[in-house]
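*Asks:* Pasting a structure below so you can have a look.
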Amino acid sequence: MRYLMLIAVFIYWTPLAGYCADETNTEQLLLTAERLRVSDTGQVKVLIERLEASADLTPVQRDRLSLLQAHQHTLYGRYESAKHIISELFYSDLKPAQELRAYHLLSQVADLESDYGRAFSYLNYALQLLPKVNSEDAQLSVLTLAAELFSRASAHDKALQYVEQAVAISTIADGVTDGERCMVAKAASVIYLNMSRYDAALKTAEQQLGYCQLSSEKLYAANAHSVIADVYVNRLAYEQALEHYELAENDFVELNYLYGVINTRLAKASLAVELGTPATSLAMLASLIPNAIENNLWDELQQPFLLAAELSEQQGDLKSALIYYRQYMIAVQKVMDDNKAMRIAYLQTEFETEQQAQQLELLEKDKVLLTLRENAINQQRWLLASILAGAVLLLIVLLMLLTRYRQRNLYYRQLSEVDGLTKVFNRRHAYEHGEKLLKSSLACSEPFAVIMADIDHFKAVNDTYGHRIGDRVLQTVANQLKEGLRGHDIIARAGGEEFVLFLPRASYQQAMHIAERCKSALRPIQAENRTVTITLSFGISVAEGQAITLSELVEQADQALYASKNSGRNRISLYREIEENPAKSDKELAIVKGE
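At position 197 of the sequence shown the residue is numbered 196 (numbering that gives the first Met the number 0), and the sequence of numbers has no breaks.
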C-alpha cells in the first residue's frame, strides 16, 4: 500500500485561461501558484515563469517563489535541484511558515530517495515549527506526512495521533478547503487500513470520496476507491471490491498515474481467482508483473508473485512456477530491507529526539553539558555498532541471494536493451552503440553506413490480417534482415514497421550489397494458415570521412528511404544520388510527405 502514501508525482496540463486572466498582482500570482502546486503543475509552471520575470518581488515573496520552484523540481524527479534551492534558502532570514515548508519538502524528497534517516530528521524539524505557524494548509501537510511516515515505520499509535490532530484541524478551522479535507481523510483511511481497522477505514474512505468529489481531486478519489475495495476484499465481498477497483483504475488511467494503474490492475488480477477465473488472473499477472518490476513496486508484488507461482503450478507449468517463486523471494527480501531501513531510521530518530529532550532537561538543571555529550557519543557508537553488526549479517544474506539470482539480474538488464517484440536492439541502445561506432570509424578514416528499412504497406497488413499477424510479420522480417548482415553489423527496431542498420567499415558499394542481401532474404511469411508476402524499401547514407553526427546520417538515410517509397517502393535508394539531384529529391520528399 506504499503507493497510496507517496507524493502524487503526476503531471497534466490545462489551458491557462480561467486561472490568471485577472491576476496581475504579484501576491495574487503567488497565492494561486501555492494553491495549485500539486493539483495543476502545468499552471504552476507558467505562473513561476511570470513570477521569475517580475522585478518587484519582496524578499519573503522570493523565498516563497524558491519553494515553489523546489516543489516543481520534486514533482519532476529532479531531487538534487530541489535540495540545492532549499539549501540556498537557509542562508536567508526565513519566516517560520517558509522554514516549515522547506523542511516538509526536504522530508518528502528524502523519503522518495529512500533516505529515511534524513526524512525523519527533517520531519522532526518541521514538527517543532508547527506551534509557530498559523497556516492550516502548512499544518495539515506536515501532520499528514508525519502520520504516513510513522505508519510505514509500524509506529501506528503515533501515526494515529498525528492524523487525529489533522482531522481535528480540518473539522474546526474555517479556512480549510474540501481538497485539504480530502488529503487528511486519505491519510487517515490508509492508516486505519494498515492497522486492520476496516470499519474505520471504510467510513473514512467514503468521507474522503465525498470531499474529493466536491474539490475535483481525482487522484485522492481514486485512492479512496482503492481503500474501499481493499476493505471489501477483506470482507470477501469480491463483486463490490471489483467495482471500486475499476473506478480507481479509470481515474488513475485518466491522470496517467502509472503507480496507481499498475497496483489496481494487480489487485484485480488477484481478485479474478476469487471470482472463479484463475486463467484470467494468471494472464493478467503475466502482463503486469514486468511493468511493476520496472517501477520497483516490490511491496505490491509479493502476493501476485506467490499467486502466479501457485496458478502456474496448478497448470503444470513448473518452470514458470519456479521463476515466480524466486521472484517472490526477491520481493520479500527487498521489502524486508526497505522496512528494516525505515524502522531503523525511525528508532534512531526517536532515540535522538528523546536524547535531545533529556539533554535539555539536564542542562537546565545541572549544567552538565560535557558529560551529556560524552554519554550521547557512547550511545551513538553503541547504536552504530549494533547497526553495523546487523548490516554485516544482512550483507552475508544479500551476497547469498545475489549469487543465486545473478542470472535473473542479467536477464533484466538485457530486457532494457532489446525490443520486446522483435528481439533486436531497441532504438535507444542501438543509437548509443552506433554513436560510439561512428566516432571510432571517423577517427580511423573508415566509412560508416546507415540503412533505413521500412515494410511497404504495413498498415494494409494490419488492416487485412489483424495486429497479431502484423506482430508476427515484424518478428519474421527482423530475423530475415539479420541473415543479410555481417557479424559486426547492428540492427535495431527504430519504431513501428521501421528498422535501422548500422554498418561499420561499409562504403556505399558495400552497403548497397548488404541491402541487396537483406532484400533477397525476404520470403513469404506463414502465419495462422495464411501466407503474407511483403516487400521493403531501403534508404542508404554513408559517412566517408566528413564530420557528421549519427542523427544527421540517419536523417540522410531517411531521405533516401522517402525516395524509395516515392519511386514505387520495394527498392534501394542512395543518399548521394539525392545530393546530386537535389531538385528531384525535394520534389519526391514533398510528395511522400503529402505537401
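Glycine residues also receive a C-beta, built at the ideal position from the N, C-alpha and C atoms.
Are there 16 or more other CB atoms within 10 angstroms of the CB of Trp297, so buried, or fewer, so exposed?
*Replies:* Locating residue 297 in the sequence shown gives position 298, where the first residue counts as 1. Flag for Trp297 reads buried.
*Asks:* Tell me whether Tyr303 is buried or exposed, calling it buried when 16 or more other Cβ atoms sit within 10 Å of its Cβ.
*Replies:* Translated into the one-based positions of the sequence shown, residue 303 becomes position 304. One point to set straight first is that residue 303 is Pro, not Tyr, in the sequence displayed. Buried, since its Cβ has 16 or more Cβ neighbours within 10 Å.
*Asks:* State buried or exposed for Thr530, treating a residue as buried only when at least 16 other CB atoms are found within 10 Å of its CB.
*Replies:* The residue you call residue 530 lines up with position 531 of the sequence shown. Classification of Thr530: exposed, given that the 10 Å Cβ count is below 16.
*Asks:* Relative to the C-alpha of Ala268, which residue among Ala282, Leu148 and Tyr256 is closest?
*Replies:* Taking the first residue of the sequence shown as position 1, residue 268 is located at position 269. Ranking the options by Cα distance to Ala268, first place goes to Ala282.
*Asks:* Give me the Cα-Cα distance between Ile84 and Ser113, rounded to the nearest whole angstrom.
*Replies:* To locate residue 84, count along the sequence shown from 1; it is residue 85. To locate residue 113, count along the sequence shown from 1; it is residue 114. Cα-Cα distance, rounded: 20 Å.
*Asks:* Evaluate Asn580 with the Cβ neighbour count: other Cβ atoms within 10 Å of its Cβ, from every protein chain shown; 16 or more gives buried, anything less gives exposed.
*Replies:* Residue mapping note: residue 580 aligns to position 581 of the sequence shown, counting from 1. The residue is exposed, with fewer than 16 neighbouring Cβ atoms inside 10 Å.
*Asks:* Buried or exposed: Gln326, going by 16 or more other Cβ atoms within 10 Å of its Cβ?
*Replies:* As a working mapping, residue 326 is identified with position 327 in the sequence shown. Buried, by the Cβ-count rule.
*Asks:* From Leu305 to Gln60, what distance separates their C-alpha atoms?
*Replies:* For the purposes of this step, residue 305 is taken as the residue at position 306 of the sequence shown. For the purposes of this step, residue 60 is taken as the residue at position 61 of the sequence shown. So the alpha carbons of these two residues sit roughly 53 Å apart.
*Asks:* Under the three-state reduction of DSSP, which class applies to Glu497: helix, strand or coil?
*Replies:* For the purposes of this step, residue 497 is taken as residue 498 along the sequence shown, with counting starting at 1. If DSSP states are grouped into helix, strand and coil, Glu497 belongs with the strands.
*Asks:* Using a threshold of 9 Å, state whether the C-beta atoms of Leu549 and Val417 are closer than that.
*Replies:* The residue labelled residue 549 in the question sits at position 550 within the sequence shown. The residue labelled residue 417 in the question sits at position 418 within the sequence shown. Their beta carbons are not under 9 Å apart, which means Leu549 does not touch Val417 by this criterion.
*Asks:* In whole angstroms, what separates the C-alpha of Ser286 from that of Arg403?
*Replies:* Position 287 of the sequence shown, counted from the start, is the residue given in the question as residue 286. Position 404 of the sequence shown, counted from the start, is the residue given in the question as residue 403. When rounded, the distance between both Cα atoms is 25 Å.
*Asks:* So, with DSSP's three-state summary, where would you put Met194?
*Replies:* Within the sequence shown, the letter at position 195 stands for residue 194. Correct three-state label for Met194: coil.
*Asks:* So Tyr102 and Tyr124 are in contact, right, with Cβ under 8 Å, and what is the actual spacing, rounded?
*Replies:* If you number the sequence shown from 1, residue 102 lands on position 103. If you number the sequence shown from 1, residue 124 lands on position 125. Tyr102 to Tyr124, Cβ: 4 Å. Contact.
*Asks:* Going straight from the alpha carbon of Val334 to that of Gln301, what length do you get?
*Replies:* Counting from 1 along the sequence shown, the entry for residue 334 is found at position 335. Counting from 1 along the sequence shown, the entry for residue 301 is found at position 302. Rounded to whole angstroms, Val334 to Gln301 spans 9 Å at the Cα level.
*Asks:* If I'm right that Glu205 touches Ile190 with Cβ under 8 Å, what's the distance once you round it to whole angstroms?
*Replies:* On the sequence shown, residue 205 is found 206 positions in, with the first residue counted as 1. On the sequence shown, residue 190 is found 191 positions in, with the first residue counted as 1. With a Cβ gap of about 16 Å, Glu205 and Ile190 do not count as contacting.
*Asks:* When the distance is taken between beta carbons, is Tyr210 closer than 9 Å to Asp177?
*Replies:* Taking the sequence shown and counting its residues from 1, one reaches residue 177 at position 178. Taking the sequence shown and counting its residues from 1, one reaches residue 210 at position 211. Going by C-beta atoms, Asp177 is nearer than 9 Å to Tyr210.
*Asks:* Tell me, please, which residues DSSP counts as bridged to Leu67.
*Replies:* As a first step, residue 67 is located in the sequence shown; it is residue number 68 there, counting from the start. Its beta-bridge partners do not exist; DSSP assigns none.
*Asks:* Considering only the alpha carbon of each residue, which of Leu56, Lys82, Asn262 and Thr57 lies closest to Gln68?
*Replies:* Residue mapping note: residue 68 aligns to position 69 of the sequence shown, counting from 1. Nearest C-alpha to Gln68: Lys82.
*Asks:* Does the stretch 434-444 come within contact of the stretch 539-556, defined as at least 3 CB pairs closer than 8 Å?
*Replies:* As far as the Cβ criterion goes, the stretch 434-444 touches the stretch 539-556, which means the pair count is three or higher.
*Asks:* Can you tell me which of Lys518, Asn338 and Leu246 puts its alpha carbon nearest to the alpha carbon of Thr454?
*Replies:* Looking up residue 454 in the sequence shown gives position 455. Reading off the sequence, residue 454 comes out as Ile, not Thr. If we check each option's Cα against that of Ile454, Lys518 comes out closest.
*Asks:* For Ala320 and Asn425, I'd like the C-alpha separation in whole angstroms.
*Replies:* Working through the sequence shown from its first residue, we reach residue 320 at position 321. Working through the sequence shown from its first residue, we reach residue 425 at position 426. Their backbone Cα atoms lie some 29 Å apart in a straight line.
*Asks:* Can you grab the Cα-Cα spacing for the pair Glu587 / Leu535, in whole Å?
*Replies:* The count along the sequence shown starts at 1 and reaches residue 587 at position 588. The count along the sequence shown starts at 1 and reaches residue 535 at position 536. Legend: pLDDT at Glu587 = 48, less than 50; position of this residue unreliable, value from coordinates given subsequently. So the two alpha carbons sit approximately 18 Å from each other.
*Asks:* Contact between the stretch 473-480 and the stretch 561-572 is defined here as three or more beta-carbon pairs at a separation below 8 Å; is this criterion met?
*Replies:* With the cut-off at 8 Å, the stretch 473-480 and the stretch 561-572 do not touch.
*Asks:* From Ala199 to Leu159, what does the alpha carbon distance come to, in whole angstroms?
*Replies:* Translated into positions along the sequence shown, residue 199 becomes position 200. Translated into positions along the sequence shown, residue 159 becomes position 160. Each residue's alpha carbon lies about 12 Å from the other.
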